[in-house]
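Chains as they are written, first to last, in our numbering: chain D, 1 to 224; chain L, 225 to 448.
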DNA sequence: ATCGAAACTGACCGATTGGTCAAGTATCGA
DNA sequence: TCGATACTTGACCAATCGGTCAGTTTCGAT
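Structure below.
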């Protein structure tokens, strides 16, 4: 962006790229909802366009094709995911790492429930678009963490549980509140989960996991 | 079943009702696969008919409509689910009950992965067909169990964790291996989960849950 | 004022959707 | 052998699908 362009977009909020940016944001949000509810095949461009308040032709003008739109949404969700995959080392405190892991995963589900459900629908369908990611980057990430968990176990900092099953346990438990939201709300007779609910669940899951695999709680987490 | 139907199926085992039975079984199996992969909207009768090896017209002859077929599959899955919702009382041993709970849920996901994914897709879509079930029978069942868990906690048999979150934890962790099978297999580089894998995961989850909420293991579960 | 590019959209396309229907064939008890 | 019932299926339907395209409007830079 040149300095003049910046000046232009400051001058008027519908400057050069602003229209495109706004419409794309609207389309992506609408598409995420529809794809999350009905999966790739079950989603229709007409439904997405209606949600976005745009003609179908306009939607295709920006996104090119249904497949392109879907892939773009998946990539955005994977980027959010990768953003919280911080590095850890065997020197870190297991309790701190596990709690941060659970908490950040829980917040991702909380902040992007539609994206989480979109991902879930993709996996349910057999991950036709994400095969390479699962067998590549994500597998590497899991194996790296697993190696560190094993070192912790050797040092007696936690029980010698299978690290991969442990990671799956944390993933499933946290993702549940986004993917199965309809079930959670129906059974607990709620309209929505409050921030307090989410915090309570986070604390519950953290305690279950830490105690379950024999990790001593953090120092500042007093017994009660 | 009417009296005439019973008489007919008793008379000859490949008699009148046998053709219907065989075709319906084939159709239901095919439909479960397709609905599980693509959800209600994403599934097409043509795809189901192709999987079942029947013309689409024949499929509709037996099932009446797409909606009717889908509802029938959901009801079949709920029946399987209800079949393992045995009654428990506060006098039972918490460790035994929790282990049986985890084990039977794990086996349900193992034996009927497509049914499990079908259910998951229905919930992902906002449970349009299962709202009443979730807010009725299933809620009652959860609340009944929760009451017993609380009694156990009062008697010091387990930590005073929120029973509902605990039930959701067990549901999500067990269901994960059916619903996210593609992810599990991709990350662990497997073609399928073996019986030994499932047993290992079951033992892992049982130990995590029992230890996590402070339940003493069963007497015959020796320490090692 | 004018020009080029970006944005926009209704009309339209062939393919697929769930579903109907009439015209069969198969199988059975009588 | 015969009528009834269950079963089978290709042809067909209106509606919807993802996508194309030509034509128009909008808008900033000159």
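No residue lacks a Cβ here, since even glycine has one placed at the ideal position from N, Cα and C. Remember, it's a predicted structure, so these values are computed and weren't measured experimentally.
Partner residues on chain L for residue i, Cβ-Cβ distance less than 9 Å
{"i": "residue 146 of chain D", "result": "Within chain L, no residue comes near residue 146 of chain D; the closest Cβ sits about 10 Å away, beyond 9 Å."}
{"i": "residue 204 of chain D", "result": "385, 386, 389, 390, 393"}
{"i": "residue 41 of chain D", "result": "261, 262, 263, 265, 266, 267, 268"}
{"i": "residue 194 of chain D", "result": "In chain order: nothing, as chain L lies at least about 14 Å away."}
{"i": "residue 115 of chain D", "result": "Chain L residues near residue 115 of chain D: none, gap ~13 Å exceeds 9 Å."}
{"i": "residue 138 of chain D", "result": "407, 410, 411"}
{"i": "residue 17 of chain D", "result": "Neighbours of residue 17 of chain D on chain L: none; closest Cβ ~34 Å, over 9 Å."}
{"i": "residue 212 of chain D", "result": "431, 432, 433, 434, 435, 436, 437"}
{"i": "residue 97 of chain D", "result": "Chain L residues near residue 97 of chain D: none, gap ~17 Å exceeds 9 Å."}
{"i": "residue 131 of chain D", "result": "406, 410"}
Residue closest to residue i, alpha-carbon to alpha-carbon, out of the options
{"i": "residue 170 of chain D", "options": "L:351, L:429, L:346", "result": "L:429"}
{"i": "residue 435 of chain L", "options": "L:381, L:406, L:402", "result": "L:381"}
{"i": "residue 187 of chain D", "options": "L:340, L:357, L:304, L:442", "result": "L:357"}
{"i": "residue 311 of chain L", "options": "L:298, L:246, L:366", "result": "L:366"}
{"i": "residue 115 of chain D", "options": "D:214, D:21, D:33, D:18", "result": "D:33"}
{"i": "residue 350 of chain L", "options": "D:35, D:23, D:28, D:24", "result": "D:35"}
{"i": "residue 147 of chain D", "options": "D:27, D:93, D:164, D:106", "result": "D:164"}
{"i": "residue 17 of chain D", "options": "D:107, D:185, D:62", "result": "D:62"}
{"i": "residue 307 of chain L", "options": "L:314, L:281, L:362", "result": "L:362"}
{"i": "residue 438 of chain L", "options": "L:318, L:420, L:337, L:409", "result": "L:318"}
{"i": "residue 23 of chain D", "options": "D:106, D:60, D:181, D:39", "result": "D:60"}
{"i": "residue 264 of chain L", "options": "L:294, L:253, L:252", "result": "L:294"}
{"i": "residue 43 of chain D", "options": "D:108, D:66, D:26", "result": "D:66"}
{"i": "residue 251 of chain L", "options": "L:271, L:262, L:424", "result": "L:271"}
{"i": "residue 183 of chain D", "options": "L:346, L:443, L:315", "result": "L:346"}
{"i": "residue 129 of chain D", "options": "D:78, D:107, D:21", "result": "D:78"}
{"i": "residue 364 of chain L", "options": "D:189, D:193, D:20", "result": "D:189"}
{"i": "residue 207 of chain D", "options": "L:386, L:316, L:441", "result": "L:386"}
{"i": "residue 261 of chain L", "options": "L:337, L:384, L:374", "result": "L:337"}
{"i": "residue 91 of chain D", "options": "D:58, D:110, D:200, D:150", "result": "D:150"}
{"i": "residue 89 of chain D", "options": "D:152, D:195, D:159", "result": "D:152"}
{"i": "residue 185 of chain D", "options": "L:288, L:348, L:415", "result": "L:348"}
{"i": "residue 159 of chain D", "options": "D:109, D:216, D:64", "result": "D:216"}
{"i": "residue 29 of chain D", "options": "D:106, D:107, D:111, D:85", "result": "D:111"}
{"i": "residue 292 of chain L", "options": "L:279, L:269, L:309", "result": "L:269"}
{"i": "residue 195 of chain D", "options": "D:154, D:109, D:155", "result": "D:109"}
{"i": "residue 355 of chain L", "options": "D:155, D:181, D:105", "result": "D:181"}
{"i": "residue 200 of chain D", "options": "D:155, D:107, D:154, D:191", "result": "D:107"}
Under 8 Å from the C-beta of residue i: neighbouring residues of chain D
{"i": "residue 350 of chain L", "result": "37, 182"}
{"i": "residue 396 of chain L", "result": "172, 173, 175, 176, 180"}
Cβ separation of residue i and residue j, assumed to be a contact under 8 Å, to the nearest whole Å
{"i": "residue 422 of chain L", "j": "residue 322 of chain L", "result": "With a Cβ gap of about 18 Å, residue 422 of chain L and residue 322 of chain L do not count as contacting."}
{"i": "residue 304 of chain L", "j": "residue 426 of chain L", "result": "In fact, because the Cβ distance is near 18 Å, the residues do not count as touching under 8 Å."}
{"i": "residue 145 of chain D", "j": "residue 167 of chain D", "result": "6 Å"}
{"i": "residue 442 of chain L", "j": "residue 320 of chain L", "result": "6 Å"}
Within chain L, the residues that residue i reaches when beta carbons sit closer than 7 Å
{"i": "residue 92 of chain D", "result": "Result: empty, since nearest Cβ-Cβ is about 21 Å, beyond 7 Å."}
{"i": "residue 225 of chain D", "result": "Here chain D comprises residues numbered 1 to 224, so residue 225 of chain D is not present and cannot be evaluated."}
{"i": "residue 78 of chain D", "result": "Near residue 78 of chain D there are no residues of chain L at all, since even the closest Cβ is about 13 Å away, more than 7 Å."}
{"i": "residue 123 of chain D", "result": "404, 406, 407"}
{"i": "residue 201 of chain D", "result": "389"}
Chain-ordered chain L contacts of residue i [CB-CB under 8 Å]
{"i": "residue 135 of chain D", "result": "410, 411, 413"}
Chain-ordered chain D contacts of residue i [CB-CB under 7 Å]
{"i": "residue 344 of chain L", "result": "124"}
{"i": "residue 366 of chain L", "result": "187"}
Residue i CB to nearest heavy atom of the ligand COA below 7 Å
{"i": "residue 42 of chain D", "result": "Absence of the ligand COA from the depicted structure is noted, as is the absence of any ligand whatsoever, leaving it without description."}
Legend entry - Any 3 or more C-beta pairs closer than 8 Å across the region 174-193 of chain D and the region 395-402 of chain L: Segments in contact, yes.
Legend entry - Touch test, the region 325-342 of chain L against the region 292-303 of chain L, Cβ-Cβ under 8 Å, three pairs minimum: The region 325-342 of chain L makes contact with the region 292-303 of chain L, as at least three CB pairs between them are under 8 Å.
Inset, instruction - Could you say if the region 21-33 of chain D and the region 43-62 of chain D meet the contact criterion of at least three C-beta pairs nearer than 8 Å? - result: Cβ pair count under 8 Å is three or more, so yes.
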